[in-house]
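Engineer: My questions all concern the structure below.
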Amino acid sequence: MSAVDPRVAAWTEAELGVEGRVLDVVTAPAPVLSGVGERVDPTSAEVVRLAADLVATMRVSPGCVGLAAPQVGVGAQVFCVDVSEHPKTREHHGTFVLCNAEVVSSSRNEKAREGCMSVPDLTGDVKRAGRITVRGQLPGTGEEVEVSTSAFEARALQHEIDHCQGLLFLDRAAGAHAIYARKTYL
Amino acid sequence: MSTPTPPPTQHAITVLGHDRPGIIAETTGRLAELGLNLEDSTMTLLRGHFAMMLVCAGEPSVAAIETALAPLADDGSLTVTVRAVSPGAGAAPAGSSWVLTVHGGDRPGIVSSVVGRVAEVGGNITDLTTRLAGDLYLLVAEIDLPAGADVDALEAAVRTAATALGVGATLRRAEADDL
């Protein structure tokens, strides 16, 4: 187990001090999903507002464990995650938002099938690191933090960082026959 | 008086035969020249034979597509078929999705015996690959089971069928994690 960063684990959207709005989620082939997001000033009012909006939109979306700015139509390197309720989660940091996040180190590739609110009709098998360290800034204070985690939270972070870089899970398909039509369940 | 535009017809096209570089480029190039839009397609090598199936949409007739693709088959190394199909129903609602893996020593009847158990419970196979590698036979299938299907009973039936054939079988849930 990696050590959970207490600062990140203690963070909640209440720190932002603004009420998040629920935004529409955009779907591929929207160009914003394929562009590299701009680096942001995590202390700016605009980014604080965006962070609150991302968390609010994630909260109202059933099963949603993460949302990146491009998914609400904003080409910026900001995302939120919260995998605390997911059965595949091991350690986790609850709800948090990172700005300008990048992967510092990663290891132990594992393949799993992913879906994405921005690609509603397809799923795909994607290899991702099972252990990861990510560096980024918290919105509002702009503090630099490093998050080391594993399993499902690691996968979610990589998926969201990819969004901020203009990549969808489709870009990481494990093979030509690793993309599937999404099943609609009764 | 103008007549209403009919919806574009879908065409199912298969190209089978001796593999070489450039078959897909040539096939899709000729279809593009006809203004056909490629929708779903799949291609693989089956024991080294080129095998492609695709569904495309557009106005050209079956005869026009056959004529355009005829040069592919000129030297006898490829077989091309074209037929009009009515649009597919799209993804039917499924109760749950599963991946079935079967592998073991090659012998006749592995596929038919195992997938027979799937059919008996109304399971629908949506993707299937089988490979023979030396003496090892492998089957991987994506299966939609109807709501209310008895998965434990199916798993037991598949295992029984597999055991009788001297091969192993596993049935795993195949649900994607939304991120």
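Chains A and B, in that order, give the protein sequences. Everything in the first sequence is counted per numbering that gives the first Met the number 0, starting at 0 for the first residue and increasing by one. Everything in the second sequence is counted per numbering that gives the first Met the number 0, starting at 0 for the first residue and increasing by one. Cβ coordinates follow ideal geometry from the N, Cα and C atoms, glycine included. Because the structure is a prediction, the values reported are computed rather than measured.
Rounded to whole angstroms, what's the CA-CA distance from G103(B) to T125(B)? Just pull it up for me.
Structural biologist: Each residue's alpha carbon lies about 22 angstroms from the other.
Engineer: Can you pull the chain A residues whose beta carbon is under 8 angstroms from the beta carbon of S40(B), in chain order?
Structural biologist: By Cβ distance, chain A contributes nothing, its closest Cβ being about 10 angstroms from S40(B), past 8 angstroms.
Engineer: Starting from the beta carbon of D177(B), find every residue of chain A whose beta carbon is closer than 8 angstroms, and list them in chain order.
Structural biologist: Result: G62, C63, V64, E113, G114, C115, M116.
Engineer: Under 8 angstroms Cβ-Cβ, which residues of chain B neighbour G158(A)?
Structural biologist: Note that residue 158(A) is His in the sequence shown, not Gly. Simply L178.
Engineer: Are the CB atoms of E113(A) and V125(A) nearer to each other than 7 angstroms?
Structural biologist: yes
Engineer: Kindly indicate which residue of V133(A), V82(A), V80(A) has the alpha-carbon position closest to the one of A100(A).
Structural biologist: V133(A)
Engineer: 7 angstroms is my cut-off, CB to CB: does L22(A) come that close to chain B?
Structural biologist: no
Engineer: For chain A, find out if any of its Cβ atoms is closer than 7 angstroms to the Cβ of S96(B); answer yes or no.
Structural biologist: yes
Engineer: Whole angstroms are fine: how far does the CA of T80(B) sit from the CA of A50(B)?
Structural biologist: Rounded to whole angstroms, the gap between the alpha carbons of A50(B) and T80(B) is 12 angstroms.
Engineer: DSSP state of H91(A), grouped into three classes?
Structural biologist: coil
Engineer: Less than 7 angstroms between the beta carbons of E14(A) and F78(A), yes or no?
Structural biologist: no
Engineer: In chain B, which residues lie with their C-beta within 7 angstroms of the C-beta of K182(A)?
Structural biologist: A90, A93, S96, D143
Engineer: Going by CA-CA distance only, name the one from V46(A), G65(A), G34(A), V73(A) that's closest to S83(A).
Structural biologist: G65(A)
Engineer: List, in chain order, every chain B residue whose beta-carbon is nearer than 7 angstroms to that of T122(A).
Structural biologist: A175
Engineer: Roughly how many angstroms separate the alpha carbons of H10(B) and F95(A), rounded to a whole number?
Structural biologist: 49 angstroms
Engineer: Can you find a C-beta in chain B that's less than 7 angstroms from the C-beta of A155(A)?
Structural biologist: So yes, A155(A) belongs to the interface.
Engineer: Helix, strand or coil: which one does DSSP assign to S60(A)?
Structural biologist: Three-state DSSP puts S60(A) in coil, outside helix and strand.
Engineer: List in chain order: all unbroken beta strand (DSSP E) runs of 3+ residues lying wholly within the region 23-67 of chain A.
Structural biologist: 65-67, all fully within the region 23-67 of chain A.
Engineer: Got a sec? Which residues, its chain only, sit under 6 angstroms from S33(A) by beta carbon, not counting five neighbours each side?
Structural biologist: In chain order, G165 place their CB closer than 6 angstroms to the CB of S33(A), counting only its own chain and leaving out the 5 sequence neighbours on each side.
Engineer: How far does the alpha helix (DSSP H) with V166(B) in it extend, from its first residue to its last?
Structural biologist: From DSSP, V166(B) is part of no alpha helix (DSSP H) but of the beta strand (DSSP E) over 166-172.
Engineer: For R172(B), decide whether its Cβ has a neighbour in chain A, counting only Cβ atoms nearer than 7 angstroms.
Structural biologist: no
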